[in-house]
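Chain order of the listed sequences is A and B.
Each residue of the first sequence is one higher than the last, beginning at 4 in our numbering.
Each residue of the second sequence is one higher than the last, beginning at 4 in our numbering.
Taking it in order: structure first as structure tokens, then the write-up.
2 protein chains.
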Amino acid sequence: MTYDVGMTVIETRSPLNRDRIIDAAVTFADEHGAEELSMRKLGSELGVEAMSLYNHVANKDEILDGMIDHVFRAIPLPDPEQDWRVSVRTTGLAAMEQFTAHPWVVSLLMQRGNFGNSSLIFMNQVLGILRAAGFSDEETHHAWQMLASHTMGYAFQQSSGSWHEKDWDGLENQLSRLGDRFPHVVALAPLLGHCEFGSEFAFGLEIIINGLEARLG
Amino acid sequence: MTYDVGMTVIETRSPLNRDRIIDAAVTFADEHGAEELSMRKLGSELGVEAMSLYNHVANKDEILDGMIDHVFRAIPLPDPEQDWRVSVRTTGLAAMEQFTAHPWVVSLLMQRGNFGNSSLIFMNQVLGILRAAGFSDEETHHAWQMLASHTMGYAFQQSSGSWHEKDWDGLENQLSRLGDRFPHVVALAPLLGHCEFGSEFAFGLEIIINGLEARLG
DNA sequence: CACTGTAAGCGTACGGTGTAAGCCCTGTCA
DNA sequence: TGACAGGGCTTACACCGTACGCTTACAGTG
Numbered sequence: 004m005t006y007d008v009g010m011t012v013i014e015t016r017s018p019l020n021r022d023r024i025i026d027a028a029v030t031f032a033d034e035h036g037a038e039e040l041s042m043r044k045l046g047s048e049l050g051v052e053a054m055s056l057y058n059h060v061a062n063k064d065e066i067l068d069g070m071i072d073h074v075f076r077a078i079p080l081p082d083p084e085q086d087w088r089v090s091v092r093t094t095g096l097a098a099m100e101q102f103t104a105h106p107w108v109v110s111l112l113m114q115r116g117n118f119g120n121s122s123l124i125f126m127n128q129v130l131g132i133l134r135a136a137g138f139s140d141e142e143t144h145h146a147w148q149m150l151a152s153h154t155m156g157y158a159f160q161q162s163s164g165s166w167h168e169k170d171w172d173g174l175e176n177q178l179s180r181l182g183d184r185f186p187h188v189v190a191l192a193p194l195l196g197h198c199e200f201g202s203e204f205a206f207g208l209e210i211i212i213n214g215l216e217a218r219l220g
Numbered sequence: 004m005t006y007d008v009g010m011t012v013i014e015t016r017s018p019l020n021r022d023r024i025i026d027a028a029v030t031f032a033d034e035h036g037a038e039e040l041s042m043r044k045l046g047s048e049l050g051v052e053a054m055s056l057y058n059h060v061a062n063k064d065e066i067l068d069g070m071i072d073h074v075f076r077a078i079p080l081p082d083p084e085q086d087w088r089v090s091v092r093t094t095g096l097a098a099m100e101q102f103t104a105h106p107w108v109v110s111l112l113m114q115r116g117n118f119g120n121s122s123l124i125f126m127n128q129v130l131g132i133l134r135a136a137g138f139s140d141e142e143t144h145h146a147w148q149m150l151a152s153h154t155m156g157y158a159f160q161q162s163s164g165s166w167h168e169k170d171w172d173g174l175e176n177q178l179s180r181l182g183d184r185f186p187h188v189v190a191l192a193p194l195l196g197h198c199e200f201g202s203e204f205a206f207g208l209e210i211i212i213n214g215l216e217a218r219l220g
């Protein structure tokens, strides 16, 4: 934004920068999905040509990494003062909340790995809590893997989307058309189709926490 | 393969068909990764032009679905006569084995959902075992979600690959360069880097089976 | 004031993608 | 022999990420 003082106000577009680009990419992905995001579309979203983005980011991968980082930064860090079970529970739910709000991170994480700054901060905090709780290094490792898998797994299923209401009716027709070849699937179809992933996730999280606790000592 | 009987053997390429195309796609993805697969490359792999594939498949999506189906068909179905804990354990490990052999299915499943024929057969079998074991429909649903999440989650982490040996050295340098900002990550780095996903998966699977068993009755 | 160096934005172009449309060759059957 | 059908090939289109070079705007000097 530049002003000619005393003259007419020249309304130039606010200058581009990395953060604005990544923010725009995140909201674009939230609206249209990450696989729809292209440099040209992102540019036009910012009122700018595609190639102008390359003045602020090295390439598209840097944008994608930035988007992942953006999401991880939004997960509140667990409080090391609390009981580890509480920390793990609230952090798991918080992470799940972000993965639900930005379903595209899951596939992005799979393609690109997750070793941005924010995700390392997050991971470090959780590992620290587990170690402080008395887990050995091996046990901490097991616990982390398990918690991460559980979280990513549910986020995965939620974002893989075929169980969602959208094409659910079509699927139901398909299933009933397949008749009794899949009786158990058909019987559980209503539950599978309209399930609340949040509470499903919490259910499993409790089992895992209890299981880990039993391994402690 | 056509022969001019009594004359020289005319060595024409064996005719294309859906199965050969999908098989070729699977082996190509095993070698080069699924994101490298393109219609042109797949065609040239089969000694054929890209557009010729469209005489046997509707589009690339049908090939991708076929690849998913191919992998699920390779998972041996659990035996309904066995104890459900044994069935769940062996089936989980068998599924994980396939996901390890074909790491690309995980991201494919996420993009496309998993409701091909083979995956429905597989799912139906597992659901049937859980119901026969005495789980209610809701409990069966919970158990399925949890087992699926655990399996997909580990497969996910395994295929997301950043923890693998390849770029592990670079990552280790990066971590030590980041100094003591992430002490817990650095401390556990060796475990995280060289871990055996198979046994990690089995460890978590046992916790889940025990947790589910406790819910039974 | 002019001159110059720098950075940001733009336009063009290249090689890649999936696939629609049309051509041609060949095998099969009347 | 002639017609037909189907499989493979070629061409073409719209999209992608991005390398390259041009133009404009501005900051710092003399």
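Note that CB positions come from ideal geometry on N, CA and C, so glycine has one too.
Quick caveat, the model's predicted, so the values are computed rather than measured.
The contact set of E141/B on chain A, defined by CB atoms closer than 7 angstroms, consists of L194 in chain order.
The alpha-carbon separation between D26/B and F75/B amounts to approximately 13 angstroms. At least one CB atom of chain A sits nearer than 9 angstroms to the CB of M155/B.
Here the stretch 138-151 of chain B does not lie against the stretch 99-106 of chain B, with fewer than 3 beta-carbon pairs under 8 angstroms apart. For A98/A, the enclosing alpha helix (DSSP H) begins and ends at 87-104. Per the Cβ contact rule, the stretch 87-95 of chain B is not in contact with the stretch 110-124 of chain B (fewer than 3 Cβ pairs under 8 angstroms). By alpha-carbon distance to Q128/A, the top candidate from E39/B, E216/B, F185/B is F185/B. Fewer than three pairs of CB atoms, one per stretch, sit closer than 8 angstroms, so the stretch 117-125 of chain B makes no contact with the stretch 60-76 of chain A. In this structure, the beta-carbon distance from R23/A to L40/A does not fall below 9 angstroms. F102/B does not reach chain A, its nearest Cβ partner there being about 12 angstroms away, counting only Cβ pairs nearer than 8 angstroms. Counted as a single uninterrupted DSSP element, the alpha helix (DSSP H) harbouring Y157/A occupies residues 140-163.
Nearest Cα to N58/B within the set E216/B, T30/B, R21/B: R21/B. Spanning the alpha carbons of V51/A and K44/A requires a straight line of approximately 10 angstroms. For a cut-off of 8 angstroms, the C-beta gap from G131/B to H187/A is around 4 angstroms, short enough to register as a contact. Contact note: H144/B reaches chain A through L191, L194, L195, C198, E203, using a C-beta cutoff of 9 angstroms and chain order. Short of 7 angstroms from the beta carbon of R134/B, and not among the five residues preceding or following it, lie these beta carbons of its own chain, in chain order: T143.
No Cβ-Cβ contact shorter than 9 angstroms links Q114/B with S47/A. When rounded, the separation of the alpha-carbon atoms in A53/A and K63/A is 11 angstroms. If you draw a straight line from the Cα of E141/B to the Cα of L195/A, it is about 10 angstroms long. At least one C-beta of chain A is nearer than 9 angstroms to the C-beta of M126/B. Following the DSSP letters along the chain, one finds A136/B in no alpha helix (DSSP H), marked with neither H nor E. Between L219/A and A97/A, the C-beta gap is not smaller than 9 angstroms, which leaves the two residues out of contact.
DSSP places H59/A outside both helix and strand once states are collapsed to three, so it counts as coil. A28/A and F159/A have their C-alpha atoms roughly 21 angstroms apart. Taking a Cβ-Cβ cut-off of 8 angstroms, M42/A has no neighbours in chain B, whose nearest Cβ is about 18 angstroms from it.
Of all residues in the stretch 51-81 of chain A, none has a C-beta nearer than 7 angstroms to a C-beta of chain B.
Going by DSSP, S110/B is part of the alpha helix (DSSP H) stretching over 107-115. In the DSSP assignment, D33/B falls within the alpha helix (DSSP H) that extends over 21-35. Apart from sequence neighbours up to five positions away, the residues of its chain that approach N117/A with a beta-carbon distance below 7 angstroms are I71, ordered along the chain. The DSSP-derived three-state label of S41/B is coil. The alpha carbon of G207/A has as its nearest neighbour, out of Q161/B, A37/B, F204/B, H145/B, the alpha carbon of H145/B.
A Cβ of chain B is located within less than 9 angstroms of the beta carbon of A151/A.
Flagged as an interface residue toward chain A: Q148/B, by a C-beta distance shorter than 9 angstroms. Taking the C-beta atoms as reference points, L67/B is found nearer than 9 angstroms to A37/B.
Pairing N120/B with G214/A gives a Cβ-Cβ distance that is not under 9 angstroms.
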